[in-house]
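> With the first letter of the sequence shown counted as 1, position 132 gets the number 132 in the working numbering; the numbers rise by one all the way through.
Every residue gets a Cβ at the ideal spot worked out from N, C-alpha and C, and that includes glycine.
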Amino acid sequence: MDPLSIAGLTIAVLDQLWKDSKVLETKIKDENNRTRALQMLLFEPSTTYGGKSLFEQFDTDVQDQIHILLEEAAGVLDQAYQLLYRRQQAAAKDKDAKMPKHPCSPTPSNSIFSSLTLVVDPPRASSPASQVPSDGSLKRLGSFQRLRWSLLDKKRLESIVREFSELNSRIHESIKLWCLGTSIGVDLHHLRRLENDHNSRALGFNIDAKLQLAASQAQEMSQSLEIKDAELDQRFKDVKSVEDRFGVLEWRGKPMLVEYRSYQAESPVPVEMDSRTRYLVDNLANLLHQPKEIVFRTPCCTGWACQMQRNRVAFMFAIPDAVEPTPVSLLNILSDVSPPPALGQKFWLAVRLSRCISQLQLVKWVHESFRSENVVFFPKIDCQEKSSASESRVDLAEPWVLGFEFSRPEMYFSAGLGDTCLSRDIYRHPDRQQSPTQPFTKLHDIYALGVVLLEID
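Rendered as structure tokens:
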């Protein structure tokens, strides 16, 4: 290879190393911001809690678990400190400079977040992590030192940052669970703080808090999502049916998924919807209309329409982007005689459905009709496979859960109308089969999830 080519290759390699360093710097800043927001949310006194902190509202067991998680994160950061401290000390020796010694004073348990920072500020003697060299100090090391840093220590630091990021995510999810799933999660003032607080919004806690508030304050719905439009009535005449319970139609320039739910299935003649049923339907539509994280795996409900001639309602859902508007149910896929889905796809599907039910229960929702016919998939548009069968072109890692019953929040009593259909009864807990007398609870959704997981297996 000629010298010019070698020089060009060297420049390209150095340029990529420097770009990787900038990506790493961005990752560190992101983790910093998340850690700071969590610190402020947990330990900053608030009038919501009578001048005390959110941390003090948890019981002793939860506080101990938070301490354990934060101490584990502090240990990971100490590895980063040791790595960067040695590198900066070596560079300082090259310039006849002296680095301050690593402080060994323990971090107080009530301020453990003081050691949980990846901020690259000038060294201070208050915490180990604060002595991580700043971006400016790294630049002052000169080109040779930066090259040596990129070649020798960058991979190790990337591994540490990745480990800290994963641990930080665990801390984030655990604290969100304790904020919403423990006894304090029913306090409306606490939920409103999570909904409106700047740090809570930065962490994404506001989304689940808003859903939980919507479930607990369903009687205060500000708008009705019922659509009364003659044009929509005409569109329903041209709807493309999918597996009896679903349909697809064009509405306002976009394809919409339609789900039909009967409200008086046993009546042979049209029956006008009563006010109680209308309230429950509108309540469900509003809950499904709320912004949700993707982990919920529930499409956004844009409205509903009453079809009295058939004693049913039609819920309308937005169809995800970059997919074909031809849904296929999990029941249909599992019943197909073609080769079964790959094991990896089954694992991803099981994880997504389990997290869906877990997330619903976190915000105090219940599904009540979780079964494989209520889990649908959409074939991807950019799929390279030429097969015309939709089942062979779906990604089982992208399920969408439908089929919610009219009463969502767990605090509402479920009337439990009798249903002797065996194909639906097998998904129900024994206490809820035939003509149930007990109200629906989270346990019953978990039972149904177990049956669906057995089907997938």
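How many angstroms separate the CA atom of residue 317 from the CA atom of residue 155?
Locating residue 317 in the sequence shown gives position 317, where the first residue counts as 1. Locating residue 155 in the sequence shown gives position 155, where the first residue counts as 1. So the alpha carbons of these two residues sit roughly 46 Å apart.
> Which same chain residues end up closer than 7 Å to residue 291 when comparing Cβ atoms and leaving out the 5 residues on each side of it in sequence?
Numbered from 1 along the sequence shown, position 291 holds the residue referred to as residue 291. Taken in chain order, the residues that qualify are 207.
> Alpha carbon to alpha carbon, what distance is there between residue 296 and residue 330?
In the sequence shown, the residue the question calls residue 330 occupies position 330. In the sequence shown, the residue the question calls residue 296 occupies position 296. In a straight line, the C-alpha of residue 330 is about 17 Å away from that of residue 296.
> With distances taken from CA atoms, which of 216, 76 and 241 is nearest residue 159?
Counting from one through the sequence shown, the residue named residue 159 turns up at place 159. Nearest of 216, 76 and 241 to residue 159, Cα basis: 76.
> Enumerate in chain order the residues of its own chain whose CB-to-CB distance from residue 397 is below 8 Å, with the five nearest sequence positions on each side excluded.
As a first step, residue 397 must be located in the sequence shown, where it is residue number 397. Excluding residues within five positions, the ones whose Cβ falls inside 8 Å are 345, 348, 349 and 352.
> May I have a chain-ordered list of the beta strand (DSSP E) segments no shorter than 3 residues that lie completely inside the segment 205–277?
Counting whole runs of 3 or more residues, the segment 205–277 contains the beta strand (DSSP E) stretches 240–242, 246–251 and 254–262.
> Got a sec? Which residues, its chain only, sit under 7 Å from residue 455 by beta carbon, not counting five neighbours each side?
Within the sequence shown, the letter at position 455 stands for residue 455. Once the five neighbours on either side are set aside, the close Cβ partners of residue 455 are 334 and 372.
> Decide if residue 381 is buried, meaning its Cβ has at least 16 other Cβ atoms within 10 Å, or exposed.
As a position in the sequence shown, residue 381 is number 381, starting the count at 1. That one is exposed.
> For residue 254, which residues of its own chain have a beta-carbon under 8 Å away from its beta-carbon, when the five flanking residues on both sides are left out?
Here residue 254 corresponds to residue number 254 of the sequence shown, with the count starting at 1. Same-chain partners within the cutoff: 318 and 319.
> Whole-angstrom Cβ separation of residue 327 and residue 249, contact assumed at under 8 Å?
One-based indexing of the sequence shown puts residue 327 at position 327. One-based indexing of the sequence shown puts residue 249 at position 249. Contact flag wrong, Cβ pair sits at about 13 Å.
> Since I believe residue 25 is in contact with residue 165 (beta carbons under 8 Å), could you give me their beta-carbon distance rounded to a whole number of angstroms?
Counting from 1 along the sequence shown, the entry for residue 165 is found at position 165. Counting from 1 along the sequence shown, the entry for residue 25 is found at position 25. Residue 165 to residue 25, Cβ: 14 Å. No contact.
> Based on Cα-Cα distance, which residue from 34, 163, 45 and 44 lies nearest to residue 78?
Locating residue 78 in the sequence shown gives position 78, counting from the first residue. That would be 163, whose Cα lies nearest to the Cα of residue 78.
> Please state if the CB of residue 259 and the CB of residue 360 are separated by a distance shorter than 9 Å.
Working through the sequence shown from its first residue, we reach residue 360 at position 360. Working through the sequence shown from its first residue, we reach residue 259 at position 259. It is not a contact, given that the beta carbons lie outside the stated cut-off.
> Out of 363, 215, 23 and 394, which one is the CA nearest neighbour of residue 342?
As a working mapping, residue 342 is identified with position 342 in the sequence shown. It is 394 whose Cα lies nearest to the Cα of residue 342.
> Give the list of continuous alpha helix (DSSP H) stretches no shorter than 4 residues that lie fully inside the segment 294–373.
You should have 330–335 and 343–362.
> How many Å lie between residue 288 and residue 64 at the Cα?
Indexing the sequence shown from 1 puts residue 288 at position 288. Indexing the sequence shown from 1 puts residue 64 at position 64. Distance between the alpha carbons of residue 288 and residue 64: 36 Å.
> According to DSSP, simplified to helix, strand and coil, what is residue 377?
As a working note, residue 377 is residue 377 in the sequence shown. Here residue 377 sits in strand by DSSP.
> Got a sec? Which residues, its chain only, sit under 8 Å from residue 449 by beta carbon, not counting five neighbours each side?
If you number the sequence shown from 1, residue 449 lands on position 449. Same-chain partners within the cutoff: 353, 354, 357 and 370.
> In the DSSP assignment, find the alpha helix (DSSP H) that holds residue 435 and state where it starts and stops.
What you label residue 435 is simply residue 435 of the sequence shown in a count that begins at 1. No alpha helix (DSSP H) holds residue 435; DSSP gives it neither H nor E.
> What are the partner residues of residue 400, as DSSP defines its beta bridges?
The count along the sequence shown starts at 1 and reaches residue 400 at position 400. Paired residues: 376.
> To the nearest angstrom, report how far apart residue 69 and residue 298 are at their CA atoms.
Along the sequence shown, one-based indexing puts residue 69 at 69. Along the sequence shown, one-based indexing puts residue 298 at 298. Those two C-alpha atoms are separated by around 31 Å.
> Quick check: the segment 227–234 against the segment 263–282, are there 3 or more CB pairs under 8 Å?
The segment 227–234, when compared against the segment 263–282, does not touch it at the 8 Å Cβ threshold.
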